[in-house]
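Residue numbers (our numbering): 35 to 121.
Working notes, beginning with the structure itself.
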């Protein structure tokens with residue numbers, strides 16, 4: 035009983051740490067992966083560097099963004115932070 039009494043606070047602390055920090059982060063990562071895999075041509079996006087553009091072409095791991103002046107830039111899908119407007 036003494037061993038259980040001394041381990042219980044540690045177990046509770048680990049469980050609380052997982053519930054507060056790790057699980058929400060895993061959920062967020064899953065949402066980001068889904069958003070990046072559901073990108074479509076014409077979506078207006080923002081990259082993690084702050085570049086605004088629209089998706090011109092898609093590949094498995096990369097995408098081509100077209101910015102306002104018509105310039106086309108190639109980025110990894112993982113560089114997309116958010117979709118501003120879906121097609």
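Glycine included, every Cβ here is placed at the ideal spot set by N, Cα and C.
None of these values were measured; they are calculated from a predicted model.
The Cβ-Cβ distance between residue 90 and residue 119 does not fall below 8 Å. Each residue's CA atom was taken as its position, placing residue 73 and residue 112 some 11 Å apart. DSSP, read as helix, strand or coil, puts residue 107 in strand.
Distance from the CA atom of residue 86 to the CA atom of residue 53, rounded to whole angstroms, is 35 Å. Bridge partners of residue 87 according to DSSP: 79. In this structure, residue 114 lies near residue 70, with their beta-carbon atoms less than 8 Å apart.
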